[in-house]
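Q: Chains as they are written, first to last, in this note's numbering: chain H, 1493 to 1579; chain L, 113 to 241; chain W, 3 to 82; chain B, 2 to 165.
Where a beta carbon is used, it is the ideal one built from N, C-alpha and C, also for glycine.
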Amino acid sequence: MVNNIYLQIATVITLIAFIIGMYRFVKGPHKADRMVAFDMVSVAGIALIGFIAAFTNKLIYLDVALVYGILGFLGVVIIGRYIERGF
Amino acid sequence: MNQEIMEIVGGIIAIIGSIFILLGAIGIVRMPDTFNRIQTGTKASTLGTILSLAGLFFFFPGWGGKLFILVLFVLITNPVSSHVLARAAYHIGVPLTKKTVVDQLKEREIISNPSSANLKKVKTNEIGD
Amino acid sequence: MFIIIAIILGVISLVGGYIALTNPKLSVGIIATGIVSLVASILFLLLAAPDVAMTEAAIGSGLTTVIFFYVLNKIRQGNA
Amino acid sequence: MKFKNYLIMFITLMVVWLLLNNSVAKEIVLVGLGLSLVLPFLFCGKCDLFNHFKVTPKALIYTILYFFVFIRELVKANWDVVKRVISPKLPINPGIVEVKTVLKSKIGRIILANSITLTPGTLTLEMVDDTLFIHWIDVQSTDIEGASNAIVRTFEKYLEEMYG
């Protein structure tokens, strides 16, 4: 268990970024704006999982970050392809 | 002693990275249209995530391999996804902001394919999509 | 520390679920479901279950989004 | 030519496997060797992406130089974003401009388009053959020559040596 004040501050700032990104997701007038918010939240989630892995001192949690990144990217590409011209 | 210095340096790098992520989120809220939002969101969140993971490297030098793979992955896939988003947003006709000075892609498409403006109208559907 | 992360992520998950329920557009609902499952995967990670988190990210975000959009496309073309 | 593609694929897979496993025990290296020898046969039937890949010392030096130029541009882009987001008046002047590239190979154009997305104030919208349409947050010139000089010349110098 790592208790480092700098990492805690960084985690809180990342969580604030999450909330601001969700504001754009709630408000977004067009569905493309919601997709932008989805992309940003999924990239910020990688950093958040990295911080959680540092707090608990377990290397295996970084694998979750890798899977998370791959599937967030896949989701964004699928959604973009769909709303552009269908499958 | 050495360990403490490394932790301070890594912590400061991680804080700078998270500040970049926060600025990307603020840019997403403040910018006036979709393309400018994609610009600020992509750039700031890419560098922010890379700096956060690089800060973790100073805490745990043994995690270097996996952190390197993650950084490389973020660096490769983030521009691709933002390009896909921008192209989809342009082709479904998301309005540009009023400050836009020039749109050369639109002039080009009208010249090469005059009926494309009609095709987009037909594709809109009735199931509330 | 973990309790703060859990509370904020739970609130975000509730907001995503509310949008998925109330928004009249179907594609927005599917994107909101994706956000709910991504947040749920971080919550599973906080509960010290990385295998469940990996499965949740794969099924909830990858497979469900693909299948929902595939079906939506079929409905839109009118042959299903 | 075929053997070079196979070799690049094998080295990439092996390095990724070793970095992911984070150890060099005997069993792990053996399994990695077996997988990376078999997988390119299955998935690299006619991959022509690496045909223009040069393995000369000059190309290697330019690759390293390109990496540093790219990092510098990335930091500059983020400083630019910070200034635009923080300032209260939002100083933007956006537009979509058309630029042309001299690169011929496929992988060179891919790397160029990805790099343009991460450099100050530009975002690749559409790519048709050698013409790129770019959303520019602060338009300075609207003709093809001026825009090309301002946006793509920085990277083209290096990518031309690397991939032709």
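Residues in the stretch 1514-1529 of chain H with C-beta within 8 Å of chain W's C-beta atoms, listed in sequence order?
A: Going along the stretch 1514-1529 of chain H in chain order, one finds MET1514, PHE1517, VAL1518, LYS1523, ARG1526, MET1527 with a Cβ nearer than 8 Å to chain W.
Q: To the nearest angstrom, how far is the alpha carbon of ALA1509 (chain H) from that of GLY35 (chain B)?
A: Answer to the nearest angstrom: the Cα atoms are 44 Å apart.
Q: Am I right that GLY167 (chain L) and ALA137 (chain L) are in contact with their C-beta atoms under 8 Å? What's the rounded C-beta distance?
A: With 8 Å as the limit, GLY167 (chain L) and ALA137 (chain L) do not qualify as a contact, their Cβ atoms being about 19 Å apart.
Q: GLY1564 (chain H) and SER39 (chain W): beta carbons closer than 8 Å?
A: For GLY1564 (chain H) and SER39 (chain W), no; Cβs fall outside 8 Å.
Q: Reducing DSSP to helix, strand and coil, say where THR1506 (chain H) ends up.
A: Correct three-state label for THR1506 (chain H): helix.
Q: When you compare only the Cα positions, how much space is there between LEU66 (chain B) and VAL83 (chain B)?
A: Between LEU66 (chain B) and VAL83 (chain B), the C-alpha separation is close to 26 Å.
Q: Using a beta-carbon distance below 8 Å, is THR161 (chain L) in contact with chain B?
A: Chain B contact via Cβ: absent.
Q: Would you list the one or two residues that DSSP bridges to MET128 (chain B)?
A: Its beta-bridge partners are B:LEU133.
Q: Quick one: what does DSSP say THR123 (chain B) is sitting in, helix, strand or coil?
A: Three-state result, THR123 (chain B): strand.
Q: Can you name, in chain order, every residue of its own chain whose Cβ lies under 8 Å from the Cβ of GLU157 (chain B), other than the five neighbours on each side?
A: Result list for GLU157 (chain B): THR102, VAL103, LEU104, LEU113, in chain order.
Q: Could you tell me the distance, in whole angstroms, from the CA atom of GLY1460 (chain H) to the CA atom of ILE140 (chain L)?
A: Chain H is shown from 1493 up to 1579; residue 1460 (chain H) falls before or after that span and cannot be answered.
Q: So what does DSSP say about ASN1496 (chain H), is it helix, strand or coil?
A: In the structure shown, ASN1496 (chain H) sits in coil (DSSP, three-state: anything other than H, G, I, E or B).
Q: May I have the straight-line CA-CA distance separating LEU197 (chain L) from LEU184 (chain L), to the nearest angstrom?
A: Their Cα atoms are separated by approximately 21 Å.
Q: Rounding to the nearest angstrom, what Cα-Cα distance links LEU1554 (chain H) and LEU21 (chain B) in this structure?
A: Distance between the alpha carbons of LEU1554 (chain H) and LEU21 (chain B): 10 Å.
Q: Buried or exposed for VAL213 (chain L), please, with buried defined as at least 16 other CB atoms from any protein chain shown within 10 angstroms of its CB.
A: It is exposed - the Cβ of VAL213 (chain L) has fewer than 16 other Cβ atoms within 10 Å.
Q: If you measure between the beta carbons of VAL17 (chain W) and VAL1518 (chain H), is that distance less than 8 Å?
A: For VAL17 (chain W) and VAL1518 (chain H), yes; Cβs fall inside 8 Å.
Q: If we define contact as Cβ-Cβ less than 8 Å, is VAL1533 (chain H) a contact residue for chain W?
A: Closer than 8 Å to some Cβ of chain W, the Cβ of VAL1533 (chain H) qualifies, so yes.
Q: Secondary structure at ILE97 (chain B), three-state DSSP: helix, strand or coil?
A: It is a strand residue.
Q: For the ligand FMN, I want to know if LYS27 (chain W) counts as a neighbour, meaning its beta carbon is within less than 7 Å of at least one of the ligand's heavy atoms.
A: This structure simply doesn't include the ligand FMN, nor any ligand for that matter.
Q: Could you list which residues in chain W have their beta carbon closer than 7 Å to that of ILE1544 (chain H), in chain order?
A: Within 7 Å Cβ-Cβ: LEU47, LEU48.
Q: Using the beta-carbon count (16 or more within 10 Å), is GLU146 (chain B) buried or exposed?
A: Exposed, because fewer than 16 other Cβ atoms sit within 10 Å of the Cβ of GLU146 (chain B).
Q: Cβ of ILE135 (chain B) within 8 Å of Cβ of THR120 (chain B)?
A: Taking 8 Å as the Cβ cut-off, ILE135 (chain B) and THR120 (chain B) do not qualify as a contacting pair.
Q: To the nearest angstrom, how far is it from the Cα of GLU241 (chain B) to the Cα of ASP144 (chain B)?
A: As displayed, chain B neither begins before 2 nor continues past 165, which places residue 241 (chain B) out of reach and without an answer.
Q: Just to confirm my understanding: we take ALA50 (chain W), look at its own chain, exclude 5 residues before and 5 after, and list those with CB closer than 8 Å. What are they?
A: Contacts found: none.
Q: Taking 8 Å as the cut-off, decide whether the C-beta atoms of TYR159 (chain B) and VAL70 (chain B) are in contact.
A: For TYR159 (chain B) and VAL70 (chain B), yes; Cβs fall inside 8 Å.
Q: From what residue to what residue does the alpha helix (DSSP H) around HIS195 (chain L) run?
A: Start and end: 176-203.
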